[in-house]
Structure formats: C-alpha cells, structure tokens
Amino acid sequence: MSDAPFTTYVALGDSFTEGVGDPDPTRPNGLRGWADRVAEQLAVGNPDFRYANLAIRGRLLPQIIAEQVDAALALSPDLVTIYAGGNDMMRPGLDVDAMVAEYDLAIGKLVASGAKVLVFTAYDAGWAPVFRRLRGRTAIYNELVREVVERNGATLVDYWRMDGFADTRMWDVDRLHMSPLGHTRMAANVLNLLAVPHVVDAHVLPARPALTAAEQRRENLHWVRIFLLPWLGRRVRGASSGDGVAAKRPEPAPI
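Quick note on numbering: the numbering used here labels position 203 of the sequence shown as 186, and the sequence is numbered without any gaps.
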C-alpha cells in the first residue's frame, strides 16, 4: 500500500513525459510512459489520488512554459514533474543560458505553489552515435539546471547520472525516446527518489551480445530511414511532431 502524501500529480514536458516509445493503444494518445507508471503506483491505496499529464511531443522549452506551467498551477497539484529543453538542444544557435534563465522563473513559480517539484537533467548520450555531438551542450544545460533546482528548492532527478540506460534495449528504434523497458526503469527511479513503495521492476538486463559490423550497418540505415530523414524533413518545413497533438490527460482524474 502506498503511503505517499500526494493527491494530485501533474506531469509537464515533451515526448519524454508524454510517453513516446512506450505504446499502449488502450490509453490516450496511444501511449503509457514512465509518468503513467509512477501515477499507477501513487494511486495504490490512495482513493483520492488524481493524475494529469500535459506533456506534448516536440514542444520546446518556451512552449512548455507558456502552455503548461500556469495550466498546471490551476489544477492545484501537490506533485509536479517537469523536463524541458531536450528539443531545444537539437536546434542550432541555442542560447543555453537564456533558455535556462526562463526555466528558472518557471520552476520558481511551481515551487512557490507549495507542490513538490521534480526537475530532470538531460541524459548523457555520449555513447550514442550522432547524439554524442550534443554532449558538451547537454553538460552545460545540466549544470545550469542543477543550480536552478538548488536555488528554488526543487528536487533533482539526475538522468545524466542514472545507471542502465547505455543499453540499447532501453531505447526505441529512433534512439531518441526510451523503450517500454526504459520507461519502466525511469518510473522505478522516480518512485525510489520519492521513497514510495512500489512493484515496478527496474529491469537490470543481462549483457547484450555485441552486434556484427553488418548488423550495426543495418540498424544505422534503419534509424536514418525511420527517424533522421523524417526529423530533417520537419525541420525544413518548420513542422513539429506535436502539431495537432493534444495533452493526453488535461484534467486530474483517477488512473
């Protein structure tokens, strides 16, 4: 039985929090994700518990702040999770300092509401081809986020330092979003940070056999076809993967 003192949990962010990579056709937007899994455990033995998820894939940090922060505060949450900035860091010419300064104000507003606020660092993708090129920018972002968390009295979820995510089985075929295994492991980590009893398996996997050069080439070509080319096409068109997508749980409700 959960003894967590939370009655209203609101999750904010982009595809990471919406649950992309963890498909479930029975759920809104066809996704489950780590935040749903956290909410399921918080609801155990807690009949008053309600959960909203305002995250939408493709959203940039300024959009998340403009569209989701005040909307979340209007729901009177006592628990908020937020990750923003991942999509921004893939854009050229980003001013990381200016972006995190805006984030700082938003985190301050959320904390001032009295809610417990969990803020994520970005993942260390130094092991991953292509994404490793963003490692330096991501490290700067993370240090600034750590300062924001300390200054505002939020709680840090340090994704950068988490173990187990260098395993490719933790990732969807696009190599950008977590797989169901990754979302499950993230849920376990968040629940552990909250000190909430749970039954979520963190999935410590046996070592994966190394791929042959031919297998690696096939995987790389598949990734280029299903992710990189469509992503570049959206950049050229000025489109977003979140165009036309609505928040999957806009109001607090039982889960």
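From the three backbone atoms N, C-alpha and C, an ideal C-beta is built for every residue, glycine too.
Measuring C-alpha to C-alpha distances from G109 to each of L127, A(-6), A98 and T121 identifies T121 as the nearest. Note on geometry: alpha-carbon atoms of I48 and P30 lie some 30 Å from one another.
In the structure shown, the three-state DSSP call for M161 is strand.
Between the alpha carbons of V3 and I209 lies a gap of roughly 15 Å. The C-beta of S59 has fewer than 16 other C-beta atoms within 10 Å across all chains shown, which makes the residue exposed.
With the rule of 3 Cβ pairs closer than 8 Å, the segment -5 to 11 counts as touching the segment 31 to 40. Taken through DSSP and simplified to helix, strand or coil, F(-11) comes out as coil.
Note that the C-beta distance between V102 and V140 is below 8 Å.
CA-CA distance, V179 to L25, rounds to 8 Å. In the three-state reduction of the DSSP assignment, F32 falls in the coil class, being assigned neither a helical nor a strand state. Of the candidates V27, D7, L77 and Q199, the residue whose Cα lies closest to the Cα of L174 is V27. A contact between stretches requires three or more CB pairs, one per stretch, nearer than 8 Å, and the segment 127 to 140 meets this requirement with the segment 82 to 91.
It is roughly 11 Å from the alpha-carbon of R217 to the alpha-carbon of G41. Within 10 angstroms of the beta-carbon of A196 lie fewer than 16 other beta-carbons, which makes it exposed. Apart from sequence neighbours up to five positions away, the residues of its chain that approach M145 with a beta-carbon distance below 7 Å are N172, ordered along the chain.
Membership of K231 in any beta strand (DSSP E) is not indicated, and neither H nor E is assigned to it by DSSP. The residues G4, D5, R152, M153, W154 and D155, in chain order, have a CB closer than 8 Å to that of S162 in the same chain once the five nearest residues on each side in sequence are set aside. The criterion of a C-beta distance shorter than 8 Å is not satisfied by W17 and A230. When rounded, the separation of the alpha-carbon atoms in D80 and M72 is 12 Å.
If you check the CB distance, R232 and P11 come in under 8 Å. DSSP, read as helix, strand or coil, puts I123 in helix. In the DSSP annotation of this structure, the continuous segment of the alpha helix (DSSP H) that includes T0 starts and ends at S(-2) to E1. P237 and F32 do touch by the CB rule: their CB atoms are close to 7 Å apart, below 8 Å. As far as DSSP is concerned, P8 takes part in no beta bridge. Taking C-beta atoms as the reference points, T(-9) and D61 count as a pair closer than 8 Å. V113 and L56 have their C-alpha atoms spaced approximately 37 Å apart. Restricting attention to E50, A22 and N70, the CA atom closest to the CA of L43 is found in N70.
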